[in-house]
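Here is the structure we will look at.
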Amino acid sequence: SNIHDMFAHARQQERAVIFLDEVEALTLNRHSSGDSACYAGIIAQLLTEIQGFEDGEGNLMLIAATNKPWAIDPAFLRPGRFDEKIYVPLPDEESRRHMFDVKMTGVPTLDLDYAELARLTPHFSGADIDHLCEKVKGIVIEALIAGEARPDRITMEDYRQALQGIQRSVTSAEEQALTQWRLDDGSSFSRRAV
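Put into structure tokens, the structure is as follows:
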């Protein structure tokens, strides 16, 4: 299977990192997913491959990320599999300001106020900010191609226009559920800053 091949290839390397993003899609809770044969096979194969990490393979690092930890099959969360859990909250205002600054480095802008952009985007994730920045670039390019009389740089007004059509990807309910899950399972979370 592809899962076996990926782990086999990683084990052949001097050092390797396997990053599983949105891991809940691969590790659905068997008790709530209807226990389909397909998911059961994926889960069994992934659990088998992860077992190798318990056997002291120091050259491999397995990292998984999720926005829905409650959807992960409990077998993946038992000791010896994913021992360390790190809660990464949505970026705060200062972090969002920095993200806008980094994302717009090298892009022609006119009087952008990154602090104001951060204030205009509460509860935005890093992916939301990335999407917004790409959308605003598209707005400016389309306007320039259409021959509109406008600055040839990105402005705050462009961002305000782009924001009207964007919703944040993490809802308030999801954010509350993540916070509650962290509180319920808080003793197993790393206290390190990320």
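Numbering of the sequence shown is given in the numbering used here, commencing with residue 88 and proceeding in unit increments. Cβ atoms here follow ideal geometry from the backbone N, Cα and C, with glycine treated the same way.
Skipping 5 residues on each side, what residues in its chain have a beta carbon closer than 8 Å to that of residue i?
i: ALA214; result: SER256
i: LEU65; result: The requested residue 65 is not part of the displayed model; the chain covers only 88 to 281.
i: GLU101; result: ASN146
i: ASP245; result: VAL223, ILE226, VAL227
i: ARG184; result: TYR201, ALA202, LEU204, ALA205
i: GLU109; result: ALA152, THR153, ASN154
i: LEU199; result: PHE187, MET191, ILE241, THR242, MET243, TYR246
Could you pull out every residue in the same chain whose Cβ sits closer than 7 Å to the Cβ of residue i, ignoring the five residues on either side in sequence?
i: HIS210; result: LEU177, ARG255, VAL257, GLU262
i: MET186; result: PRO178, GLY213, ILE216
i: ALA280; result: Residue placement at ALA280 is flagged as unreliable, the pLDDT there being 44, under the threshold of 50; a coordinate-derived value is accordingly withheld.
Leaving out the 5 sequence neighbours to the left and right, which residues in its chain are closer than 6 Å to residue i when beta-carbon positions are compared?
i: ARG111; result: According to the sequence shown, residue 111 is Glu rather than Arg. So the list reads THR153, LYS155, ALA158, ILE159, once near-sequence residues are dropped.
When the Cα of residue i is compared with those of the options, which residue comes out closest?
i: ALA205; options: THR266, PHE106, LYS190; result: LYS190
i: LEU265; options: ILE150, LYS172, LEU107; result: LYS172
i: ALA131; options: LEU149, PRO161, VAL104; result: PRO161
i: LEU113; options: ALA127, GLN138, ASP271; result: ALA127
i: GLU136; options: GLU109, LEU115, ALA97; result: ALA97
i: PHE163; options: ARG184, LEU115, MET148; result: LEU115
i: LEU134; options: GLU109, VAL104, ALA103, GLY167; result: GLY167
i: MET151; options: SER182, PHE106, ARG165; result: Note on identity: in this sequence residue 151 is Ala, with Met being the wrong assignment. Cα-wise, what sits closest to ALA151 is PHE106.
Could you round the C-beta distance between residue i and residue j to whole angstroms and report it? I think they count as a contact, below 8 Å.
i: ARG237; j: TYR174; result: Contact flag wrong, Cβ pair sits at about 43 Å.
**Message:** Between the segment 184-198 and the segment 225-242, can you find at least three pairs of beta-carbon atoms closer than 8 Å?
**Reply:** yes
**Request:** At 4 residues or longer, and completely inside the segment 124-171: list those alpha helix (DSSP H) runs for me, N to C.
**Result:** Runs found: 124-141, 161-164.
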